[in-house]
Amino acid sequence: MTVDLTKRDVPDDVPDEGESRWATATLDAMPLPGEEPWKLSIGGMLRRHPKVPRGAGRVLGLLDRFGAIEFGPDGLGFDGEEVRWEKVIEIRTRTVDDLLLGPVSESVIDQVRDRLPPVPGRRWAVRQAVQTVTALVLAARQDLLEERPDRPPVPCEIVYLGRLGGVKRIEAGLFAALCMDRRPEIGTALQAAARRRHVAVCPAAPHDLATGTAQRAKALQHRTALLTARLRTAAGRSPEE
Numbered sequence: 001m002t003v004d005l006t007k008r009d010v011p012d013d014v015p016d017e018g019e020s021r022w023a024t025a026t027l028d029a030m031p032l033p034g035e036e037p038w039k040l041s042i043g044g045m046l047r048r049h050p051k052v053p054r055g056a057g058r059v060l061g062l063l064d065r066f067g068a069i070e071f072g073p074d075g076l077g078f079d080g081e082e083v084r085w086e087k088v089i090e091i092r093t094r095t096v097d098d099l100l101l102g103p104v105s106e107s108v109i110d111q112v113r114d115r116l117p118p119v120p121g122r123r124w125a126v127r128q129a130v131q132t133v134t135a136l137v138l139a140a141r142q143d144l145l146e147e148r149p150d151r152p153p154v155p156c157e158i159v160y161l162g163r164l165g166g167v168k169r170i171e172a173g174l175f176a177a178l179c180m181d182r183r184p185e186i187g188t189a190l191q192a193a194a195r196r197r198h199v200a201v202c203p204a205a206p207h208d209l210a211t212g213t214a215q216r217a218k219a220l221q222h223r224t225a226l227l228t229a230r231l232r233t234a235a236g237r238s239p240e241e
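Position one of the sequence shown corresponds to residue 1 (full-length UniProt numbering), numbered consecutively onward.
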């Protein structure tokens, strides 16, 4: 199933103009990293929503790990996985179109739905999380199709030394990547923190899914249409509360 996102009669689970504006405006207003430990998550964003239902605190607490970006003097992490700076080997970056065309966009659906138990506020939280991610996907796609030249790559992968000496990776989820794409100051601060600790920052190998501007634009339109449809399905599967 695909969705023509240029039409105005898209289904109700695609965020309307007001919800899209809330998601982007709230992200734009989030405090930027400073000297203290810093964290951004979808749960933290939804706490700022004007219609948070009573009793939704537990659900939003569980979403603090979903899509999280966090770093500070001791370490950094994505999606609730953290590592101390002294274990980090390098930080890898990707462009947001490469992330949207890659496998990271496939896991966001299950993360939104499966991390939340059937408790009061679940349906609202799932729907709002879905709409927030969808709004950011659509905003990113619009910017990408307009070929804005000022879009820096985002830090999306932490390569570090595991406990038994093996090399491991922590990859940013789609929400984290979209946040760093929209607020490039976040990724810049993370990379600056890495360089201060003599951690290498380098580009990851691009996903070999499409070549050429026209081909990538077409693939991006197809991928984001499918992703939006899957997000709508995820919202529809959440139980009534």
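C-beta: ideal position from N, C-alpha, C; glycine also. As the structure is a prediction and not an experimental result, all values here were calculated from the model.
Residue i classed as buried or exposed, judged by whether at least 16 other C-beta atoms fall within 10 angstroms
i      : result
Val154 : buried
Gln142 : exposed
Cys179 : buried
Pro33  : buried
Ala177 : buried
Arg54  : exposed
Arg196 : exposed
Ala192 : exposed
Inter-residue spacing [alpha-carbon to alpha-carbon] between residue i and residue j
i      : j      : result
Leu63  : Gly43  : 5 Å
Gly72  : Glu19  : 31 Å
Trp85  : Glu36  : 15 Å
Thr173 : Asp79  : A small fix is needed here, since residue 173 is Gly in this sequence, not Thr. Answer to the nearest angstrom: the Cα atoms are 7 Å apart.
Cys156 : Gly121 : 31 Å
Gln128 : Ala194 : 33 Å
Asp97  : Gly77  : 22 Å
Ala140 : Pro206 : 18 Å
Pro152 : Arg47  : 29 Å
Thr93  : Val130 : 25 Å
Lys168 : Val83  : 10 Å
Ala25  : Glu90  : 32 Å
Ile69  : Phe175 : 9 Å
Thr188 : Asp181 : 10 Å
Val59  : Leu116 : 6 Å
Pro31  : Val159 : 27 Å
Glu81  : Val119 : 25 Å
Arg21  : Ala125 : 18 Å
Leu164 : Lys87  : 12 Å
Gly57  : Ala29  : 21 Å
Arg65  : Thr95  : 23 Å
Ala135 : Gly61  : 22 Å
Ile170 : Gly162 : 11 Å
Residue i in three-state terms, based on DSSP
i           : result
Leu161      : strand
Thr188      : helix
residue 252 : In this structure the chain extends from 1 to 241, so residue 252 is not present and cannot be described.
Leu138      : helix
Leu178      : helix
Arg169      : strand
Arg127      : helix
Leu100      : helix
Arg197      : coil
Val133      : helix
Arg183      : coil
Asp12       : Confidence in Asp12 is poor, its pLDDT being 43 and thus under 50, which makes the residue's placement unreliable; the coordinate value appears in the next sentence. Three-state DSSP puts Asp12 in coil, outside helix and strand.
Residues bridged to residue i (per DSSP)
i      : result
Pro155 : Thr93
Ala204 : Bridge partners of Ala204: none, in fact.
Glu17  : In the DSSP output, where bridge partners are listed per residue, Glu17 has none listed.
Leu76  : Phe71 and Val83
Secondary structure, beta strand (DSSP E): runs of 3+ residues fully inside the region 25-66
38-40
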